[in-house]
Amino acid sequence: MLKLVEREALTIHGWITTLQSTNSSEELAEMSKQKMQAKEKYASKVEGDLYAVNAVIDGDRCYLIGNAEEEEARPSAFDLPAGTYAGFELSYTDQVELDQLIGQTYGELMQNEEYQIAGNFNLEEYTSVGKLTFYVPVKKKAQ
Numbered sequence: 000m001l002k003l004v005e006r007e008a009l010t011i012h013g014w015i016t017t018l019q020s021t022n023s024s025e026e027l028a029e030m031s032k033q034k035m036q037a038k039e040k041y042a043s044k045v046e047g048d049l050y051a052v053n054a055v056i057d058g059d060r061c062y063l064i065g066n067a068e069e070e071e072a073r074p075s076a077f078d079l080p081a082g083t084y085a086g087f088e089l090s091y092t093d094q095v096e097l098d099q100l101i102g103q104t105y106g107e108l109m110q111n112e113e114y115q116i117a118g119n120f121n122l123e124e125y126t127s128v129g130k131l132t133f134y135v136p137v138k139k140k141a142q
């Protein structure tokens, strides 16, 4: 269910994986596999809060794993602007289910009569095992 949240600017420091498109009927499953591999590789290097950012950077689909702590060992950063975000509490059992739920949230946003998507990125904020808050930047539609 859609919940509007005002978020402060946040920079996520971590490791970026460029997701490879397969242009096949298995696209979602393949993207989920790549995201899971990135989490397995990098999430254990993050202490405390864990975030993931899905973003289009220079035309590439990217997935950044990290948190707000700036450390020399983290080669990448992504700046999330302050503003209004649609927030969704999601529970999932695996990465494919999570990506399906994320797709459903986008469907809900695209049908929303008051708000529209306002960016080419989103934020996954992991709260516990199998649970996260998912944020998408939004803005009021012109009336």
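All the letters of the sequence shown, read from the start, carry residue numbers 0 to 142 under numbering that gives the first Met the number 0.
All C-beta atoms, glycine included, are put in the ideal place defined by N, C-alpha and C.
The beta strand (DSSP E) enclosing residue i, as first and last residue numbers
i, result
"L131", "130-139"
"Q19", "Note, Q19: premise wrong, no beta strand (DSSP E); not H, not E."
"L63", "59-66"
"K44", "Counting along the chain, K44 falls outside any beta strand (DSSP E), and DSSP gives it neither H nor E."
"D48", "Careful: D48 lies outside any beta strand (DSSP E) and carries neither H nor E."
"R73", "Here R73 belongs to no beta strand (DSSP E), and DSSP marks it neither H nor E."
Euclidean distance between Cα positions of residue i and residue j
i, j, result
"D98", "D59", "18 Å"
"T48", "E124", "Residue identity differs from the one stated: residue 48 is Asp in this sequence, not Thr. When rounded, the distance between both Cα atoms is 8 Å."
"A85", "G106", "13 Å"
"G187", "E5", "No answer is possible for residue 187: the residues shown for the chain start at 0 and end at 142."
Limits of the alpha helix (DSSP H) - the one that residue i falls within
i, result
"G106", "94-110"
"Q143", "Limits of the chain in this structure are 0 at one end and 142 at the other, which puts residue 143 out of reach."
Nearest-angstrom Cβ-Cβ length linking residue i and residue j, presumed shorter than 8 Å
i, j, result
"N111", "L1", "7 Å"
"A8", "P74", "The pair is not a contact, with the Cβ atoms about 21 Å apart (cut-off 8 Å)."
"K138", "Q103", "With 8 Å as the limit, K138 and Q103 do not qualify as a contact, their Cβ atoms being about 21 Å apart."
"Q133", "F87", "Checking the sequence shown, residue 133 turns out to be Phe, not Gln. Their Cβ separation, rounded to whole angstroms, is 5 Å, which keeps F133 and F87 in contact under 8 Å."
"S31", "V95", "5 Å"
Stretch pair the stretch 63-71 + the stretch 9-19: three plus CB contacts closer than 8 Å: yes
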